Amino acid sequence: MSFSRAFTAFAGKVAKWAGHPVAFALGAAIVVGWAVSGPFFGYSKTWQLVINTGTTIVTFLMVFLIQNSQNRDAAAIQAKLDELIRSSAAQNRFTGIENLTEEELDTLRRRIETRGRAERLDDARAAADEAEARAHEKAARAAERSS
């Protein structure tokens, strides 16, 4: 098994475990145990250093493990979205936009929002025209019946 595959499996398992309620309970129990032990150690600098060092090390390592999991999740979601775009009537030109700069994405988002508002207005106008046409048809039928 390659290092990359082994690390991916390890990172996935650790990230999943870290998000589990038992992990939170264990962390809370450690902090409570540390706090309760304070009087026995006279609230010494060493006593404080234990929790500070432990939490710093765990936090430092977890950042990399969780980031690895998030990167894989984001890549998988992006691949799925690209496949949906490719296989549907959506515009294929949106495939790969995750590689644009922040400014380019903002510009694209504004264009899409503007187009969406215009389409909603067009839909509303079409619905109003359709309702008006039905009303005219009903009026014409009513006029024919009464004559």
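Residue numbering for the sequence shown follows my numbering, beginning at 1431 and increasing consecutively. Just so it is clear, CB atoms sit at the ideal spot from N, CA and C, and this is done for glycine as well. Predicted model, so just to flag it, every value in this text is computed and none were measured.
According to the Cβ coordinates, are residue i and residue j closer than 8 Å?
i	j	result
I1542	L1535	no
I1487	W1464	no
Would you please state the rounded distance, in angstroms, between the beta carbons of residue i and residue j? I believe it to be under 8 Å.
i	j	result
L1495	A1441	5 Å
A1548	S1499	About 40 Å; that fails the 8 Å criterion.
D1512	T1525	5 Å
R1502	T1438	7 Å
How is residue i classed by DSSP in three states: helix, strand or coil?
i	result
L1535	helix
T1476	helix
T1525	coil
L1530	coil
S1434	helix
S1577	coil
H1566	helix
S1518	coil
G1449	coil
G1468	coil
From residue i to residue j, what distance separates their C-alpha atoms?
i	j	result
R1540	G1546	10 Å
W1447	A1455	12 Å
E1574	D1559	22 Å
I1515	S1467	58 Å
A1458	T1489	15 Å
Q1521	Q1508	15 Å
P1469	Q1478	12 Å
A1563	T1537	39 Å
V1452	G1472	30 Å
A1569	R1555	21 Å
query: Can you give, in chain order, each stretch of the beta strand (DSSP E) that sits fully within the stretch 1482 to 1514 and has at least 3 residues?
result: As far as the stretch 1482 to 1514 is concerned, it has no whole beta strand (DSSP E) run of at least 3 residues.
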